[in-house]
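So for the sequence shown, this note's numbering puts the first residue at 433; every next one is plus one. Cβ atoms here follow ideal geometry from the backbone N, Cα and C, with glycine treated the same way. Report on one structure; see the data block that follows.
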Amino acid sequence: MAIKLHSLVSTGKRYFQIETQPHHIIGIFKKLSYYKSVRKYEFLDEDYIHYECHEDGTVTFYKAGECTSEADGIWTYVTYDCPEGREEIFPDSSAYTNTDALNRLLSGEKIVVISSDLNEYVQYQLNNNEYLNVELPLIWYTQSRREIAIKFVEEIEALAKCHVFTSYKVGREYAEAVLAEFILAATEVAEMGGSLADFESAQYIALSKINIEPVANLIMEQNDYRIWQSAMPSKSKAVEYAFNTALEYISKAI
Numbered sequence: 433m434a435i436k437l438h439s440l441v442s443t444g445k446r447y448f449q450i451e452t453q454p455h456h457i458i459g460i461f462k463k464l465s466y467y468k469s470v471r472k473y474e475f476l477d478e479d480y481i482h483y484e485c486h487e488d489g490t491v492t493f494y495k496a497g498e499c500t501s502e503a504d505g506i507w508t509y510v511t512y513d514c515p516e517g518r519e520e521i522f523p524d525s526s527a528y529t530n531t532d533a534l535n536r537l538l539s540g541e542k543i544v545v546i547s548s549d550l551n552e553y554v555q556y557q558l559n560n561n562e563y564l565n566v567e568l569p570l571i572w573y574t575q576s577r578r579e580i581a582i583k584f585v586e587e588i589e590a591l592a593k594c595h596v597f598t599s600y601k602v603g604r605e606y607a608e609a610v611l612a613e614f615i616l617a618a619t620e621v622a623e624m625g626g627s628l629a630d631f632e633s634a635q636y637i638a639l640s641k642i643n644i645e646p647v648a649n650l651i652m653e654q655n656d657y658r659i660w661q662s663a664m665p666s667k668s669k670a671v672e673y674a675f676n677t678a679l680e681y682i683s684k685a686i
């Protein structure tokens, strides 16, 4: 049985409404911008734009609602396959459908996102989204926690800057392992009311838990002065640890 959700007619699907996330809004923004600039599209009152995100299995709808009695809004649904004849829509009246964030993007501003925890903050930073202004979780806005967070961001930026840790599988695995351990260390130190010095000490302990051999071998095999020039010296303990270990390997091989 075919069902209609906003502008979309489908069969064999169930739709569960969820809270719209920043990447859903950005998807709508990019699609709307494309229609307006490339296709010279004029948004009509009865039109919807929908954006499908295959990564999380969602579809997001946007309606301007201008010059009509129907309010504008953004609605996001998780979709699931189901047998034909059992299609259904499960709305959530508490879900936030306001278009304020989209309107900010359309006016040239960024969406302000307050991370729920340090791990989410890292994921946003790694994605390096040009449309987001990502802030730390509110509990991190104390002097000592702020210092720890700044040091943590330096680690993210240093790893992202060097192609050894972005272009090669073992390099990416090393960076992911490092950041996971550093998140745990930073969280534990912060919860105990520790200082930046405490976190820096915890970083060395965290690095000792990681298998350094694959990435050190990679650096040694890719022994190009441009790699070293782009990465060293570094404020990052993770970068220094990897390159210093590679240097030890090279010294032993001579």
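In terms of DSSP beta bridges, what is residue i paired with?
i	result
Ser465	BP columns for Ser465 are empty, so no partner.
His482	Phe493
Val621	Beta-bridge pairing links Val621 to no other residue.
Ile506	Tyr494
DSSP state of residue i, grouped into three classes?
i	result
Gly540	coil
Arg518	coil
Asp477	Because the pLDDT of Asp477 is 47, which lies under 50, any placement of that residue in the model is unreliable, and the question is left without a value.
Gln449	strand
Cys499	For Cys499, the predicted model reports a pLDDT of 43, less than 50, meaning its position is unreliable; a value from the coordinates is still stated below. Of the three classes helix, strand and coil, the one that applies to Cys499 here is coil, per DSSP.
Thr511	strand
Lys601	helix
Ser439	coil
Gly626	coil
Lys667	coil
Gly444	coil
Ala634	helix
Lys652	First, the amino acid is wrong: residue 652 is Met here, not Lys. Here Met652 sits in helix by DSSP.
Ile642	coil
Determine the burial state of residue i: buried for a count of at least 16 other Cβ atoms within 10 Å of its Cβ, exposed for fewer.
i	result
Cys499	For Cys499, the predicted structure reports a pLDDT of 43, less than 50, and the residue's modelled location is therefore unreliable. A value from the coordinates is still provided. Classification for Cys499: exposed.
Ala590	buried
His456	buried
Leu650	buried
Arg518	exposed
Leu538	exposed
Tyr493	Sequence inspection shows Phe at residue 493; the Tyr mentioned does not correspond to that position. Phe493 should be labelled buried.
Val441	exposed
Val544	exposed
Could you check how far apart the C-beta atoms of residue i and residue j are, in whole angstroms? I think they sit under 8 Å.
i	j	result
Ile580	Val621	6 Å
Asp513	Lys445	7 Å
Ala527	Gln449	5 Å
Which runs of the beta strand (DSSP E) at least 3 residues long sit entirely within the stretch 539 to 595? Give them in chain order. Here the runs fully enclosed are 543 to 546 and 564 to 567.
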